[in-house]
Structures are given as C-alpha cells and as structure tokens.
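Scroll down for the structure; my scribbles are underneath it.
2 protein chains.
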Amino acid sequence: MSIVVVGSVAFDTIETPFGSAERAIGGSATYFSIAASYFSHVRLVAVVGEDFSDEYRAAFLSKGIDLEGLEVVAGGKTFYWHGRYGKDPNERESLATELNVFEAFRPILPASYRDSEYLFLGNIDPDIQIEVLNQMEDAPFVGCDTMNFWIEGKTESLRRLLGRVDILFINDEEARMLSGERNLVKAAGAVLGMGPSAVVVKKGEHGAFLFTREFTFFAPAYPLAEVTDPTGAGDSFAGGFMGYLAGAPQRNGRHLRRAMLCGTVTASFTCGSFSIERLKDIAEQDLDDRFRTLVDLVSLGEE
Amino acid sequence: MSIVVVGSVAFDTIETPFGSAERAIGGSATYFSIAASYFSHVRLVAVVGEDFSDEYRAAFLSKGIDLEGLEVVAGGKTFYWHGRYGKDPNERESLATELNVFEAFRPILPASYRDSEYLFLGNIDPDIQIEVLNQMEDAPFVGCDTMNFWIEGKTESLRRLLGRVDILFINDEEARMLSGERNLVKAAGAVLGMGPSAVVVKKGEHGAFLFTREFTFFAPAYPLAEVTDPTGAGDSFAGGFMGYLAGAPQRNGRHLRRAMLCGTVTASFTCGSFSIERLKDIAEQDLDDRFRTLVDLVSLGEE
C-alpha cells in the first residue's frame with residue numbers, strides 16, 4: 223500500500239565531538255520517507271528551494287519515493303538547520319534555524335496521492351496538518367508527530383487533530399506536557415482518551431512504548447556501541463513503523479508490535495552516520511539481522 | 223541453595239510529594255534479603271543498635287531469613303537516613319545521614335554461613351567486601367554492588383575485588399564512571415574486562431541490561447502507574463535476581479534472563495509502597511502475574 227508523508231526537507235549542518243557534516247540532507251520527511259521506503263511505496267509532500275539540486279533528489283528516487291508532491295519555490299532557499307551535539311548525544315544545541323521556503327509552506331497533495339491508504343503528518347502546525355488530512359479522499363490510517371511548541375501554542379487545534387488521528391508519535395516529555403501527567407503510563411492513558419487508538423512514546427536511547435487500549439508493548443533501543451549522529455532518529459523510527467504497517471498483510475496487535483521493532487531498526491541505522499548516509503543503504507539482510515538481535519535481546523531463550 | 227547478604231539495615235525517614243514514612247525499616251541488606259527470600263534461603267549479615275526491637279526482626283523472621291549474622295551493638299543506634307523525593311522520583315535529596323553503628327561495621331560471618339553457595343556483597347567499602355569474601359569456605363558465586371563514592375575513592379581495592387566477583391550490579395552512571403566510557407555498550411564491555419562474567423546495568427525506570435561475554439539481555443522496568451517510593455528498588459532488584467538464581471536448577475543464560483525479570487518484579491513491588499510494606503507481602507500469584515506481564519510487554523505475540 224502507499225503512504226503519504228508531509229513534513230520538512232532540509233539542509234543540516236551538524237557538529238558532534240566526533241565529526242561534522244555540512245549542508246547534508248535532513249528534515250523530518252526525508253528521514254521518514256527513506257526509512258519507510260524499505261517496506262512500502264512512499265509519496266513525499268514537502269517544499270524546497272532552487273538550491274535543492276538533482277543530486278539531492280537522487281537519494282529519494284533511488285528508493286522509489288514519489289516526488290510529485292515536492293514543491294520547488296523559484297528563487298527560494300531550502301530550510302536550513304545548524305546544530306551541535308555534546309558528548310552526551312542527548313545534549314543538543316541549535317546554532318541556526320532558517321525556515322526559508324518552509325515558513326510559508328501550505329502543502330497541496332497531488333491528485334495522484336489522495337487515494338493513499340496511509341498518511342503521516344510530520345511535525346508542523348496542527349492547523350496545516352488538518353488541512354492536509356482534509357485533502358485525502360477516503361479516510362486513511364493516520365500517523366502524526368508533534369512537538370512541545372504546538373502542544374503549548376496550538377493546544378485546541380492539536381486536540382481537534384488528535385480526534386482524527388489513529389496513532390500519535392511523541393517523546394516522553396511531550397507526552398507529559400500534552401497530558402499533564404508525570405507518570406508515563408497515566409500520560410499515555412490520557413492521550414489515548416484524546417482520540418488516537420495508539421500512542422508511541424519515544425524515549426530515545428531508552429527505547430519506545432506502544433500504548434493501545436488493548437495492550438502495551440515495549441521495544442528497547444538497539445544497543446549501539448557508536449552513536450555518530452542521532453539527528454532524524456525519531457523520524458526514522460516513525461518511518462520504519464508506518465512503512466512496515468502499510469506493507470503488512472494485516473493491521474493488528476501482532477503487526478503493530480513488529481512495526482515497533484522495524485522503527486527501532488531503521489532509527490538505529492540513522493544514528494550510525496551523519497545525515498542519511500547509512501539509512502539510505504541498508505541491505506535487507508542488515509534489517510533482518512538487527513530485527514533478530516532485538517528479538518533475542520528480550521527473549522527468555524526458551525524456544 | 224543458601225545466599226549470604228552483607229549490607230546495611232537502617233531506619234529511613236522518607237518524604238515524597240504524596241506522603242511520608244518515619245523511621246521505617248530500610249537499608250540495602252533489608253531490601254535485598256526480603257526480595258531474595260521469595261526464591262531462596264537467605265542469611266543476613268548486618269549491624270544494628272539497641273533501638274532495633276523485636277518488632278523489626280519479625281519482618282525478616284516471617285520470611286525465613288536467618289538473623290544469626292545480625293550483630294547488635296550494645297548502647298548503639300541503628301544507621302539512620304532521611305531523604306526527600308521531588309515530583310520526579312529520580313530527584314532525591316539527602317537531608318540526614320547518621321551512620322551510627324554502621325560506621326565501624328566489620329562483618330563477621332557466623333560459621334554456619336560460610337558454606338553458602340551464593341554471596342551478595344552490598345554497597346560498602348570494597349576492602350570490607352574483600353574481607354567478607356575471604357571468610358567464605360568454598361568459592362561461592364559472588365554478586366556485588368558498589369557506588370560512585372568507592373569507584374572514585376577506592377579504585378584499586380574495587381578493581382581487586384572485581385577480579386573475584388561473578389556479577390556486578392551498578393547503575394548506568396556508575397558504569398560510565400568505572401569504565402571511563404560514555405557509551406553503555408562500551409562501558410559494559412570494559413567492566414567485563416575487569417573480571418566479572420556478568421554485569422547488570424540498572425537504569426531505574428528505563429529498565430536494566432545484563433551484559434555477559436556470550437549475550438546481552440534487556441529487561442524493561444515494570445510499567446507502574448504509581449511510584450510511591452523508589453527507595454530500595456535497586457537492592458530489591460539485586461535480591462530478586464540473586465535469590466532466583468540461587469534457587470534455579472541451573473546457572474545458565476536461560477536462568478540469568480529469568481533472574482532479570484524476577485529482579486524487575488521484586489523492585490516493582492518495592493516502588494509500590496514506603497519501606498518494605500508491599501515487598502514483604504507478595505503472593506506467589508502476584509509474582510507470577512507481573513512476570514507474565516513483563517514477558518507479554520516485549521512479546522511479538524506469535525505463540
């Protein structure tokens with residue numbers, strides 16, 4: 223099945239204590255779409271400037287990602303972010319954020335996208351997320367990301383959106399902020415009460431929870447001995463998750479649980495390099511190997 | 223099989239935003255021994271003052287814990303700790319620490335203890351931990367706890383001890399400090415290089431890793447909707463782990479993995495009340511239920 227993703231495509235300059243990358247490709251929709259492409263057909267909706275050359279398009283096209291929805295603003299510049307990580311990959315400082323063409327982004331879905339069965343609304347203004355959702359023909363299965371900025375500043379729009387979303391991806395602090403509950407189990411229960419049938423609470427290096435009304439599942443993070451650059455890990459998680467689900471024979475508890483491990487695996491590859499260097503070239507065997515390692519990591523070894 | 227535990231028995235005054243407890247029983251050896259008592263016969267070595275009345279002994283005796291090694295110092299006062307937790311249970315402030323009789327504690331193992339097959343060295347001066355180990359007759363299977371204070375202040379003694387320890391229990395920050403490695407996978411590898419055949423890295427609400435030379439296992443924390451008081455959770459983890467292992471038919475990967483879940487379960491009950499209130503009264507069915515919940519939490523649901 224096809225999955226539409228709406229979000230950012232950007233150039234990132236990243237510094238870490240171990241190296242750096244200059245104006246490498248980044249953005250939530252970039253990481254999401256490449257991660258999802260291993261499991262499903264992906265249709266991208268985003269905006270870039272004239273500085274986004276064919277060389278950058280090639281990374282998407284080689285993964286079979288549909289770029290009909292990639293708007294190019296004549297004379298415009300692509301979203302640019304410059305960040306620096308400390309020795310602890312959880313400590314991150316933004317040195318520059320230039321929204322450029324992303325600032326006035328009003329996504330229009332190409333007609334050919336509108337019958338897609340899956341939709342992922344990357345982290346943008348909830349009012350725009352609703353506009354995108356309204357453009358879909360049938361009721362797709364909707365995944366959604368958000369952040370503290372919208373939780374605080376656009377509470378009502380976000381709540382309206384959540385009533386129409388199937389699965390929300392947030393991190394632990396956002397879950398606490400959105401629900402007003404410190405305890406994560408209670409926070410997730412409160413978020414489920416806002417509409418979604420599932421909530422994925424991402425805890426970075428500490429793994430991720432999937433809460434539904436029927437069951438709770440936990441996926442440990444992949445135990446990496448080297449984290450080169452965690453930028454995009456959350457988006458890669460959502461991409462692996464949603465992509466797997468869109469490609470699965472059924473959408474049930476069994477496949478939601480497997481989707482959690484696929485998201486963990488794609489996120490782990492993203493952490494292994496700057497930008498999409500590692501993410502864009504994962505062999506099927508590598509995906510399988512890390513999936514199996516995750517299963518073994520929590521297995522009681524009775525089989 | 224029998225397990226000897228050496229550590230502290232204390233009176234704790236605890237304040238949390240949700241309640242408080244005054245001079246309730248605490249201490250590492252208390253939590254460890256009661257948790258372990260669900261799986262094995264436990265022999266306690268600790269010191270208390272004359273203020274430690276029969277009413278406090280009853281909690282141990284009702285669990286079949288051998289108190290021959292509980293030294294009572296005439297005219298002395300029991301170790302006292304006063305702590306306060308913030309809304310976030312990870313934020314803890316020590317308001318008073320009165321070592322009292324614990325300050326001059328030089329543990330002497332009763333003759334009847336010395337043939338025990340398992341030994342747990344609670345968090346005390348590594349030189350004293352070595353003295354205790356030297357008192358054992360045969361080479362027992364040795365578990366050990368430590369803390370940043372000894373890692374920094376008694377590095378050499380600790381390293382000498384680690385060469386004789388089978389399994390070390392530490393938290394993530396201690397693992398980083400002991401190894402000098404920020405990354406947990408690398409840190410654990412370095413600690414394994416110091417002697418132990420297994421390292422348990424406790425991450426509190428984020429679960430615990432077991433690293434061995436043969437395999438890595440991860441146990442998520444039990445997802446609690448209420449954490450009343452986390453005091454003693456780490457000691458209860460070690461107690462459930464070591465107790466299960468001492469009672470298991472074999473000591474192999476399968477049972478080390480199950481020990482991780484038993485430790486997680488006993489720790490979860492400790493968090494559910496002040497002091498040992500909940501820990502001391504766990505029905506077998508409750509243990510089984512939480513064990514099963516942990517298995518389901520990470521199960522792909524294919525069986």
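Going line by line, the protein sequences match chains A and B. For the first sequence, my numbering assigns the number 223 to the initial residue and increments by one for each residue that follows. For the second sequence, my numbering assigns the number 223 to the initial residue and increments by one for each residue that follows. The C-beta atom is built at its ideal place from N, Cα and C for all residues, glycine as well.
- Message: For residue 384(A) and residue 415(A), what's the separation of their Cα atoms in angstroms?
- Response: Residue mapping note: residue 384(A) aligns to position 162 of the first sequence, counting from 1. Residue mapping note: residue 415(A) aligns to position 193 of the first sequence, counting from 1. In a straight line, the C-alpha of residue 384(A) is about 10 Å away from that of residue 415(A).
- Do residue 355(B) and the ligand ZN come close, with the Cβ less than 7 Å from some heavy atom? Ligands displayed in this structure: none; no statement on the ligand ZN is therefore possible.
- Task: Give me the Cα-Cα distance between residue 525(A) and residue 519(A), rounded to the nearest whole angstrom.
- Result: Looking up residue 525(A) in the first sequence gives position 303. Looking up residue 519(A) in the first sequence gives position 297. Because the pLDDT of residue 525(A) is 42, which lies under 50, any placement of that residue in the model is unreliable, and the question is left without a value.
- With DSSP as the reference, label residue 236(A) as helix, strand or coil. On the first sequence, residue 236(A) is found 14 positions in, with the first residue counted as 1. Taken through DSSP and simplified to helix, strand or coil, residue 236(A) comes out as strand.
- Task: Please report the Cβ distance between residue 315(B) and residue 305(B), rounded to the nearest whole angstrom; I am assuming they are in contact, meaning their Cβ atoms lie under 8 Å.
- Result: Here residue 315(B) refers to the residue found at position 93 of the second sequence. Here residue 305(B) refers to the residue found at position 83 of the second sequence. The C-beta distance from residue 315(B) to residue 305(B) rounds to 7 Å, short enough to meet the 8 Å contact threshold.
- Query: Where does residue 331(A) sit, in a helix, a strand or coil, going by DSSP?
  - Reply: Counting from 1 along the first sequence, the entry for residue 331(A) is found at position 109. Note: residue 331(A) maps to coil in three-state DSSP.
- Query: Mind pulling the chain B residues with CB within less than 7 Å of residue 447(A)?
  - Reply: Taking the first sequence and counting its residues from 1, one reaches residue 447(A) at position 225. Under the 7 Å cutoff, chain B gives 405, 407 and 408.
- Item | Simplified DSSP assignment, three categories, for residue 225(A) | Position 3 of the first sequence, counted from the start, is the residue given in the question as residue 225(A). Three-state result, residue 225(A): strand.
- Item | CA-to-CA distance, residue 481(A) to residue 261(A), given in whole angstroms | Translated into the one-based positions of the first sequence, residue 261(A) becomes position 39. Translated into the one-based positions of the first sequence, residue 481(A) becomes position 259. Distance between residue 261(A) and residue 481(A), taken at the CA atoms: about 10 Å.
- Task: Please go through the same chain and pick out, in chain order, the residues whose beta-carbon is closer than 6 Å to the beta-carbon of residue 365(B), but skip the five residues on each side of it.
- Result: Looking up residue 365(B) in the second sequence gives position 143. Taken in chain order, the residues that qualify are 342, 389 and 464.
- With burial defined as no fewer than 16 other Cβ atoms inside 10 Å of the residue's Cβ, what is the status of residue 298(B): buried or exposed? As a working mapping, residue 298(B) is identified with position 76 in the second sequence. Counting the other CB atoms within 10 Å of its CB gives residue 298(B) a total of 16 or more, which places it among the buried residues.
- Message: My parser needs the beta strand (DSSP E) runs of 3 or more residues fully inside the stretch 270-331 of chain B; what are they?
- Response: Listed in chain order, they are 288-295, 302-307 and 314-320.
- Query: Under 9 Å Cβ-Cβ, which residues of chain B neighbour residue 314(A)?
  - Reply: For this step, residue 314(A) is matched to residue 92 along the first sequence. Chain-order list of chain B residues neighbouring residue 314(A): empty, with the shortest C-beta distance near 15 Å, by a criterion of under 9 Å.
- Message: Whole angstroms are fine: how far does the CA of residue 367(B) sit from the CA of residue 440(B)?
- Response: For the purposes of this step, residue 440(B) is taken as residue 218 along the second sequence, with counting starting at 1. For the purposes of this step, residue 367(B) is taken as residue 145 along the second sequence, with counting starting at 1. Rounded to the nearest whole angstrom, the C-alpha separation of residue 440(B) and residue 367(B) is 19 Å.
- Task: Tell me whether residue 479(B) is buried or exposed, calling it buried when 16 or more other Cβ atoms sit within 10 Å of its Cβ.
- Result: Walking along the second sequence from the start, residue 479(B) turns up at place 257. Its Cβ being crowded by 16 or more others within 10 Å, residue 479(B) is buried.
- Message: Report the start-end ranges of each alpha helix (DSSP H) in the stretch 352-383 of chain A that is 4 residues or longer and not cut off at the edges.
- Response: Complete alpha helix (DSSP H) runs here, min 4: 370-375.
- Query: What is the rounded straight-line gap between the Cα of residue 433(A) and the Cα of residue 370(A)?
  - Reply: Taking the first residue of the first sequence as 1, we reach residue 433(A) at position 211. Taking the first residue of the first sequence as 1, we reach residue 370(A) at position 148. Using only the alpha carbons, I get a separation of about 20 Å.
- Anyone know if the C-beta pair for residue 225(A) and residue 340(A) falls short of 8 Å? To locate residue 225(A), count along the first sequence from 1; it is residue 3. To locate residue 340(A), count along the first sequence from 1; it is residue 118. In this structure, residue 225(A) sits near residue 340(A), with a CB-CB distance shorter than 8 Å.
- Assign residue 286(B) to buried or exposed, taking buried as 16 or more other Cβ atoms, counted over all protein chains shown, within 10 Å of its Cβ. As a first step, residue 286(B) is located in the second sequence; it is residue number 64 there, counting from the start. Residue 286(B) counts as exposed, since fewer than 16 other C-beta atoms from the protein chains shown sit within 10 angstroms of its C-beta.
- Task: Could you tell me which of 223(B), 358(B) and 279(B) sits nearest to residue 233(B), measuring between CA atoms?
- Result: Locating residue 233(B) in the second sequence gives position 11, counting from the first residue. Comparing alpha-carbon positions, the option among 223(B), 358(B) and 279(B) lying closest to residue 233(B) turns out to be 279(B).
- Message: Between residue 450(B) and chain A, is the shortest Cβ-Cβ distance under 8 Å, so that the two count as touching?
- Response: The residue given as residue 450(B) occupies position 228 in the second sequence. Residue 450(B) does not count as touching chain A.
- Item | Residues bridged to residue 513(B) (per DSSP) | As a first step, residue 513(B) must be located in the second sequence, where it is residue number 291. Answer by DSSP bridge pairing: none, since residue 513(B) is not bridged.
- For the alpha helix (DSSP H) containing residue 458(A), list its first residue and its last residue. To locate residue 458(A), count along the first sequence from 1; it is residue 236. Per DSSP, residue 458(A) belongs to the alpha helix (DSSP H) from 455-469.
- Message: Counting only Cβ pairs nearer than 8 Å, list the residues of chain A close to residue 309(B).
- Response: The sequence position of residue 309(B) within the second sequence is 87, counting from 1. By Cβ distance, chain A contributes 404.
- Message: Distance check for residue 251(B) and residue 268(B), CA to CA, integer angstroms please.
- Response: The sequence position of residue 268(B) within the second sequence is 46, counting from 1. The sequence position of residue 251(B) within the second sequence is 29, counting from 1. If you draw a straight line from the Cα of residue 268(B) to the Cα of residue 251(B), it comes to about 7 Å.
- Item | Backbone secondary structure at residue 525(A) - three-state DSSP | Numbered from its first residue, the first sequence carries residue 525(A) at position 303. Only weak support is given to the placement of residue 525(A): the predicted model assigns it a pLDDT of 42, under 50, and the value that follows is read from those uncertain coordinates. Note: residue 525(A) maps to coil in three-state DSSP.
- Where the beta strand (DSSP E) containing residue 231(A) begins and where it ends: Here residue 231(A) corresponds to residue number 9 of the first sequence, with the count starting at 1. Note, residue 231(A): premise wrong, no beta strand (DSSP E); not H, not E.
- Query: Is it right to say residue 288(A) is buried, meaning 16 or more other beta carbons lie within 10 angstroms of its own, or is it exposed?
  - Reply: Counting from one through the first sequence, the residue named residue 288(A) turns up at place 66. Label assigned to residue 288(A): buried.
- Message: Checking the sheet assignment: what are the DSSP bridge partners for residue 263(A)?
- Response: Position 41 of the first sequence, counting from 1, holds the residue named residue 263(A). Residue 263(A) is bridged to 224(A).
- Query: So, is the C-beta of residue 428(A) closer than 8 Å to a C-beta in chain B?
  - Reply: Here residue 428(A) is taken as the residue at index 206 of the first sequence, counted from 1. True, the Cβ-Cβ gap to chain B drops below 8 Å.
- Message: To be precise: take each residue of the stretch 514-525 of chain A, compare its Cβ to all Cβ atoms of chain B, and keep it if any distance is under 8 Å. Which residues remain?
- Response: Answer set for the stretch 514-525 of chain A: 517, 518, 519, 520, 521, 522, 523 and 524.
- Cα-Cα separation, residue 456(B) to residue 345(B): For the purposes of this step, residue 456(B) is identified with residue 234 of the second sequence, where counting begins at 1. For the purposes of this step, residue 345(B) is identified with residue 123 of the second sequence, where counting begins at 1. Note on geometry: alpha-carbon atoms of residue 456(B) and residue 345(B) lie some 11 Å from one another.
- Task: Assign residue 290(A) to buried or exposed, taking buried as 16 or more other Cβ atoms, counted over all protein chains shown, within 10 Å of its Cβ.
- Result: The sequence position of residue 290(A) within the first sequence is 68, counting from 1. Residue environment for residue 290(A): exposed (fewer than 16 other C-beta atoms within 10 angstroms of its C-beta).
- Helix or strand or just coil, what does DSSP make of residue 430(A)? To locate residue 430(A), count along the first sequence from 1; it is residue 208. Of the three classes helix, strand and coil, the one that applies to residue 430(A) here is strand, per DSSP.
- Can a CB atom of chain A be found closer than 8 Å to the CB of residue 297(B)? For the purposes of this step, residue 297(B) is taken as the residue at position 75 of the second sequence. Nearest CB-CB separation between residue 297(B) and chain A: not below the 8 Å threshold.
- Task: Tell me, please, whether the CB atom of residue 332(A) is closer than 8 Å to any CB atom in chain B?
- Result: Reading the first sequence from its first residue, position 110 is the one you call residue 332(A). No, because no Cβ of chain B sits closer than 8 Å to the Cβ of residue 332(A).
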